[in-house]
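Those letters in the sequence shown? Residues 1 to 259, by full-length UniProt numbering. All residues carry an ideal CB built from backbone N, CA and C; glycine is no exception.
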Amino acid sequence: MAELTVGDLVVDYGPVRALSGVSMRVPSGAVVAVLGANGAGKTTLLRAISGTLRFQRGRIARGTIELDGARLSGLGAAAVVRCGVTHVPEGRRVFARMTVEENLRAGGLGTPRRAAAEARERVRELFPVLAERSRQPAGLLSGGEQQMLAIGRALMAGPSVLLLDEPTLGLAPQMAARIAATIRAINAAGTSVLLVEQNVATALSLASYAYVLEVGGVAMEGPAAALAASDEVRRRYLGVSDETPAEVRPRAALPRWSA
Ligand SMILES: Nc1ncnc2c1ncn2[C@@H]1O[C@H](COP(=O)(O)OP(=O)(O)OP(=O)(O)O)[C@@H](O)[C@H]1O
Numbered sequence: 001m002a003e004l005t006v007g008d009l010v011v012d013y014g015p016v017r018a019l020s021g022v023s024m025r026v027p028s029g030a031v032v033a034v035l036g037a038n039g040a041g042k043t044t045l046l047r048a049i050s051g052t053l054r055f056q057r058g059r060i061a062r063g064t065i066e067l068d069g070a071r072l073s074g075l076g077a078a079a080v081v082r083c084g085v086t087h088v089p090e091g092r093r094v095f096a097r098m099t100v101e102e103n104l105r106a107g108g109l110g111t112p113r114r115a116a117a118e119a120r121e122r123v124r125e126l127f128p129v130l131a132e133r134s135r136q137p138a139g140l141l142s143g144g145e146q147q148m149l150a151i152g153r154a155l156m157a158g159p160s161v162l163l164l165d166e167p168t169l170g171l172a173p174q175m176a177a178r179i180a181a182t183i184r185a186i187n188a189a190g191t192s193v194l195l196v197e198q199n200v201a202t203a204l205s206l207a208s209y210a211y212v213l214e215v216g217g218v219a220m221e222g223p224a225a226a227l228a229a230s231d232e233v234r235r236r237y238l239g240v241s242d243e244t245p246a247e248v249r250p251r252a253a254l255p256r257w258s259a
């Protein structure tokens with residue numbers, strides 16, 4: 001396990017400043033959530049960490065990204081994976097024409113054989129459906145199964161930190177709950193998680209600590225339980241206002257806490 005730290009990170013896409021001095025920490029073994037409205041910079045933060053910013057013509061103008069004190073910023077995407085940080089981008093981009101098995105194998109490329117075999121076993125246990133459907137083209141899987149495959153593929157490199165971008169987006173509630181349970185299991189097995197999630201109640205129920213981004217900066221941060229109880233977070237992100245009668249307040253606004 002390893003600690004991920006981001007210090008005073010500034011990111012630009014050409015003339016557009018997307019992050020303007022973000023500092024945060026994912027302690028070893030933790031689930032940390034990043035919340036915020038569309039365009040706040042959440043995806044940019046994950047891209048900067050995973051070394052995929054350059055594919056979007058983005059650039060780190062200033063700041064540091066470190067894993068246990070070793071510098072990640074400036075490394076390419078493949079090198080970041082080798083350091084133990086893998087990224088599941090938004091939109092579950094699986095290789096639709098390749099089989100489930102081939103998709104998983106692609107995630108393990110470059111991983112030493114023994115570690116890859118262990119990771120494979122772990123993925124099979126987490127997602128039995130992927131083992132059952134290993135020879136089918138990934139494009140035939142349901143949206144939720146494709147998300148499982150995208151997560152499984154990222155786990156094939158045996159990461160110490162997993163970056164997840166909107167893993168439950170567009171999924172039916174039951175499937176979203178399964179993905180959330182899987183994230184808990186992955187974390188319980190020792191992988192730290194940095195989670196960007198549009199469903200604030202889900203995010204705060206999974207995370208122990210959370211950051212709220214607004215126009216490229218950290219507007220709020222704190223223990224997930226404290227943020228969930230904060231009037232401002234409830235009003236702005238959980239759709240609960242003082243005027244909302246108690247009986248119509250979403251149950252989702254009452255998350256289960258992780259320790
Ligand atoms: N490839 C790009 N080129 C130019 N500007 C970009 C690019 N990607 C993002 N941006 C801009 O950077 C800012 C942050 O975007 P980002 O996608 O990181 O936000 P987000 O919080 O993840 O939002 P969303 O939930 O909509 O994905 C926005 O102003 C966005 O328009």
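Notebook entry, point to check: Taking one C-beta from the stretch 59-72 and one from the stretch 213-227 each time, how about it: are there three or more such pairs within less than 8 Å?
Noted result: Because the criterion of three Cβ pairs below 8 Å is not met, the stretch 59-72 and the stretch 213-227 do not touch.
Check: Mind pulling the beta strand (DSSP E) runs of 3 or more residues that sit fully within the stretch 29-75?
Finding: Counting only runs of 3 or more, we get 31-36 and 58-67.
Item checked: Length of the line joining the Cα atoms of Gly14 and Ala219 -> Numbered from its first residue, the sequence shown carries residue 14 at position 14. Numbered from its first residue, the sequence shown carries residue 219 at position 219. Going from the Cα of Gly14 to the Cα of Ala219 covers about 24 Å.
Next item on the list: Would you identify the three-state DSSP class for Pro223, choosing helix, strand or coil?
Entry: Reading the sequence shown from its first residue, position 223 is the one you call residue 223. Note: Pro223 maps to strand in three-state DSSP.
Next item on the list: Would you verify that the beta carbon of Gln174 is, or is not, closer than 7 Å to some beta carbon of chain C?
Entry: Structure shown: chain C not included; a single protein chain is present.
Check: If you check the beta carbons only, do Val81 and Ala157 fall under 7 Å apart?
Finding: In the sequence shown, residue 81 corresponds to position 81, counting from 1. In the sequence shown, residue 157 corresponds to position 157, counting from 1. A distance below 7 Å separates the beta carbons of Val81 and Ala157.
Check: Cα separation between Ala259 and Gln56?
Finding: Taking the sequence shown and counting its residues from 1, one reaches residue 259 at position 259. Taking the sequence shown and counting its residues from 1, one reaches residue 56 at position 56. Caution applies to Ala259, whose pLDDT of 31 falls short of 50 and renders its modelled position unreliable; the model cannot decide the point.
Check: Are there three or more Cβ pairs, one per stretch, closer than 8 Å when the stretch 190-197 is compared with the stretch 113-122?
Finding: Flag = no, the stretch 190-197 and the stretch 113-122 do not touch.
Next item on the list: Say yes only if the C-beta of Tyr237 is nearer than 6 Å to one or more non-hydrogen atoms of ligand 2, and no if none qualify.
Entry: Ligand 2 is not part of the structure shown, which contains ligand 1 as its ligands.
Next item on the list: Verify the contact flag: Thr202, CB atom, against every heavy atom of ligand 1, threshold strictly below 6 Å.
Entry: The residue given as residue 202 occupies position 202 in the sequence shown. Not under cutoff, so the answer is no.
Note to self: Need the endpoints of the alpha helix (DSSP H) that Ala201 sits in, please.
What the structure shows: Residue numbering aside, residue 201 sits at position 201 when the sequence shown is read from its first letter. Here the alpha helix (DSSP H) through Ala201 covers Val200 to Leu206.
Notebook entry, point to check: Should Arg135 go down as buried or exposed, given a rule of 16 or more other Cβ atoms within 10 Å for buried?
Noted result: Within the sequence shown, the letter at position 135 stands for residue 135. Exposed.
Notebook entry, point to check: Closest to Gly217 by CA distance: which of Gly41, Val26 and Arg47 is it?
Noted result: As a first step, residue 217 must be located in the sequence shown, where it is residue number 217. Gly41 is the residue among Gly41, Val26 and Arg47 whose C-alpha sits nearest the C-alpha of Gly217.
Checklist line | Backbone secondary structure at residue 260 - three-state DSSP | finding: The structure shown does not extend to residue 260, since the chain is modelled only from 1 to 259, so the question has no answer here.
Next item on the list: Could you say which of Asp68, Leu45, Arg47 and Val88 lies nearest to Asp27 if we only look at CA atoms?
Entry: On the sequence shown, position 27 is the one that residue 27 refers to. For clarity, residue 27 is Pro in the given sequence; the question names Asp instead. Of Asp68, Leu45, Arg47 and Val88, the residue nearest in Cα terms is Asp68.
Margin query: Under 5 Å, CB to any heavy atom of ligand 1. Which residues pass, going along the chain?
Written below: The answer, residue by residue, is Tyr13, Val16, Ala18, Asn38, Gly39, Ala40, Gly41, Lys42, Thr43, Thr44 and Gln56.
Item checked: C-beta contact flag for Val85 and Val161 at 7 Å -> Mapped onto the sequence shown, residue 85 falls at position 85. Mapped onto the sequence shown, residue 161 falls at position 161. With respect to the 7 Å criterion, Val85 and Val161 are classified as neighbours on the basis of their beta carbons.
Note to self: On the DSSP letters alone, give me the boundaries of the alpha helix (DSSP H) that Arg234 sits inside.
What the structure shows: As a first step, residue 234 is located in the sequence shown; it is residue number 234 there, counting from the start. First-last of the alpha helix (DSSP H) with Arg234: Asp231 to Tyr237.
Checklist line | Leu109 versus Leu163: straight-line alpha-carbon distance, rounded | finding: Counting from one through the sequence shown, the residue named residue 109 turns up at place 109. Counting from one through the sequence shown, the residue named residue 163 turns up at place 163. A straight-line Cα-Cα distance of about 18 Å links Leu109 and Leu163.
Next item on the list: Would you kindly check if the distance between the Cβ of Tyr211 and the Cβ of Met24 is under 7 Å?
Entry: Working through the sequence shown from its first residue, we reach residue 24 at position 24. Working through the sequence shown from its first residue, we reach residue 211 at position 211. In this structure, the beta-carbon distance from Met24 to Tyr211 falls below 7 Å.
Item checked: For Ala210, the residue or residues it bridges with in DSSP -> Here residue 210 is taken as the residue at index 210 of the sequence shown, counted from 1. Beta-bridge partners assigned by DSSP to Ala210: Ala33 and Gly222.
Next item on the list: Go through the stretch 67-122 residue by residue and report every complete run of the beta strand (DSSP E) that reaches 3 residues or more, in order.
Entry: If only complete runs of 3 or more residues are kept, the stretch 67-122 shows the beta strand (DSSP E) at 85-88, in order along the chain.
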